[in-house]
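Colleague: In terms of our numbering, the sequence shown opens at residue 19 and continues consecutively.
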Amino acid sequence: MIDQLRIPIWGEARVGLEHAALRRHAVFRGEGVVPGHGAPVLLVPGFLAGDISLAIMAQWLDRVGYRPCRAGIRANVDCTSRALGRLDAQLERFAERHGRQVTIVGQSRGGSLARILAVRRPDLVAGIICLGAPVIDPLAVHPFVRAQVEAVAVLGSLGVRGLFSHACRFGACCRQARIDATAAWPQHVAFTSVYSRSDGIVDWRSCLDPDARHVEVRSSHVGMAVNAAVYVVVAEALAAGRADTWGAAA
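(1) Around the C-beta of residue 182, are 16 or more other C-beta atoms found within 10 angstroms, so that it is buried, or is it exposed?
(2) So if DSSP puts residue 94 in a beta bridge, which residue, or which two residues, is it bridged to?
(3) Pull the bridge partners of residue 213 from the DSSP assignment, please.
(4) Alpha carbon to alpha carbon, how far is residue 176 from residue 147? Give it in angstroms, no decimals.
(5) Can you list, in chain order, the residues of its chain with a C-beta nearer than 8 Å to that of residue 226? Leave out the 5 residues immediately preceding and following it.
(6) Along the chain, where does the alpha helix (DSSP H) that runs through residue 186 open and close?
(7) Taking the DSSP output, what are the residues bridged to residue 88?
(8) Measuring CA to CA, which of 205, 144, 207, 239 is closest to residue 221?
(9) If we ignore side chains and look at the alpha-carbon of each, how far apart do residue 105 and residue 97 end up?
(10) Residue 184 to residue 219, Cα distance in whole Å?
(11) Please work out which residues of its chain come closer than 7 Å, Cβ to Cβ, to residue 162, disregarding the five sequence neighbours upstream and downstream, and give them in chain order.
(12) Spell out the partners DSSP gives residue 121 in its beta bridges.
(13) Can you name, in chain order, every residue of its own chain whose Cβ lies under 6 Å from the Cβ of residue 74, other than the five neighbours on each side?
(14) When the Cα atoms are used, what is the spatial distance from residue 143 to residue 149?
(15) Quick one: is residue 77 buried, meaning 16 or more other Cβ sit within 10 Å of its Cβ, or exposed?
(16) Inspect the beta-carbon positions of residue 54 and residue 82 and report whether they are closer than 9 Å.
(17) Just curious, the alpha helix (DSSP H) that residue 75 is in, first and last residue?
(18) Counting only the same chain and skipping the five closest in sequence on each side, list residues whose C-beta sits under 7 Å from that of residue 259.
(19) Let me make sure I understand the geometry here. Which of 126, 187, 36 has the alpha-carbon closest to that of residue 224?
(20) Identify whether residue 38 lies in helix, strand or coil by the three-state DSSP scheme.
(21) Tell me, to the nearest whole angstrom, how far the beta carbon of residue 85 is from that of residue 52; I am working on the premise that it is less than 8 Å.
(22) Tell whether a beta-carbon distance below 9 Å holds between residue 131 and residue 157.
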């Protein structure tokens, strides 16, 4: 049983140092990174975060030859079913625009949404890369964060628009999403899950989906968006995905 009080939330304070280290790292300059040659990548932010949280990664992907697409999320707090509906439409438009399958990079809750999208639309998804995503147990988080989840759910249950509610977890609105979250994984879709034992928000064990390739890094949770080791993994996973899937689909 996961002891959520032992999740090292204090370690999240190092995100600034991680960002500074990334700026000095060779991967950020594109050294040793296989060029993307226009391959599309959809970026999905985590709980409470918006597209801006992945802006640095989007800029980097663009510089190394990929075509990043933002999810259109200001704050990832909406009903799971509604969020998936909008992401599905965005995925369709993006895949049609580029004429090829899309890889999804999702941080935290964004990774959990990416997993569901891949199960539903394996025709459009080349692979997913989850960054600190609690795909096994979405509530395996620090109690402070769980309190924030509960606060959003209470407000959503009271009728505040644009927020998930308790019905999303227990009711009919997101029943299919809950089923798809644990559905059989489409074998031809690549799946990489990046985790950190020093993640201060999510218990790292909840990231170890049995269908994924697990890659451990040393990173804070929030810092996965600006961590050099994570960028190395993302670059390698994207390059492998292009060789295995996109080349055949092009």
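From the three backbone atoms N, C-alpha and C, an ideal C-beta is built for every residue, glycine too. These numbers were taken from a predicted model, which means no experiment stands behind them.
Modeller: By the coordinates alone:
(1) Here residue 182 corresponds to residue number 164 of the sequence shown, with the count starting at 1. So residue 182 ends up on the buried side.
(2) For this step, residue 94 is matched to residue 76 along the sequence shown. BP columns for residue 94 point to 65.
(3) Working through the sequence shown from its first residue, we reach residue 213 at position 195. When DSSP reads this structure, residue 213 sits in a beta bridge with 234.
(4) Position 129 of the sequence shown, counted from the start, is the residue given in the question as residue 147. Position 158 of the sequence shown, counted from the start, is the residue given in the question as residue 176. Approximately 34 Å, taken between the alpha carbons.
(5) As a working note, residue 226 is residue 208 in the sequence shown. Contacts found: 154, 211, 213, 232.
(6) Along the sequence shown, one-based indexing puts residue 186 at 168. First-last of the alpha helix (DSSP H) with residue 186: 184-188.
(7) Residue mapping note: residue 88 aligns to position 70 of the sequence shown, counting from 1. 61, per the DSSP bridge assignment.
(8) Numbered from its first residue, the sequence shown carries residue 221 at position 203. If we check each option's Cα against that of residue 221, 239 comes out closest.
(9) Here residue 105 is taken as the residue at index 87 of the sequence shown, counted from 1. Here residue 97 is taken as the residue at index 79 of the sequence shown, counted from 1. Spanning the two alpha carbons is a distance of roughly 12 Å.
(10) Sequence index remark: in the sequence shown, residue 184 carries index 166 (1-based). Sequence index remark: in the sequence shown, residue 219 carries index 201 (1-based). Using only the alpha carbons, I get a separation of about 21 Å.
(11) Position 144 of the sequence shown, counted from the start, is the residue given in the question as residue 162. Leaving aside the five residues that flank residue 162 on each side, the residues in its chain whose CB is nearer than 7 Å to its CB run, in chain order, 27.
(12) Residue numbering aside, residue 121 sits at position 103 when the sequence shown is read from its first letter. In DSSP, residue 121 forms a bridge with 59, 145.
(13) As a working note, residue 74 is residue 56 in the sequence shown. These residues qualify, in order along the chain: 244.
(14) As a working mapping, residue 143 is identified with position 125 in the sequence shown. As a working mapping, residue 149 is identified with position 131 in the sequence shown. Looking at the two C-alpha atoms, the distance is approximately 17 Å.
(15) The residue you call residue 77 lines up with position 59 of the sequence shown. So residue 77 ends up on the exposed side.
(16) Mapped onto the sequence shown, residue 54 falls at position 36. Mapped onto the sequence shown, residue 82 falls at position 64. Yes.
(17) Taking the first residue of the sequence shown as position 1, residue 75 is located at position 57. First-last of the alpha helix (DSSP H) with residue 75: 73-81.
(18) Within the sequence shown, the letter at position 241 stands for residue 259. Cβ neighbours of residue 259 beyond the five flanking positions: 121, 144, 145, 208.
(19) What you label residue 224 is simply residue 206 of the sequence shown in a count that begins at 1. Checking every option, the nearest Cα to that of residue 224 belongs to 126.
(20) Within the sequence shown, residue 38 is the residue found at index 20, counting from 1. It is helical.
(21) Residue mapping note: residue 85 aligns to position 67 of the sequence shown, counting from 1. Residue mapping note: residue 52 aligns to position 34 of the sequence shown, counting from 1. Rounded, the Cβ-Cβ distance is 15 Å, inconsistent with contact.
(22) The sequence position of residue 131 within the sequence shown is 113, counting from 1. The sequence position of residue 157 within the sequence shown is 139, counting from 1. With a cutoff of 9 Å on beta-carbon distance, residue 131 and residue 157 are scored as not near each other.
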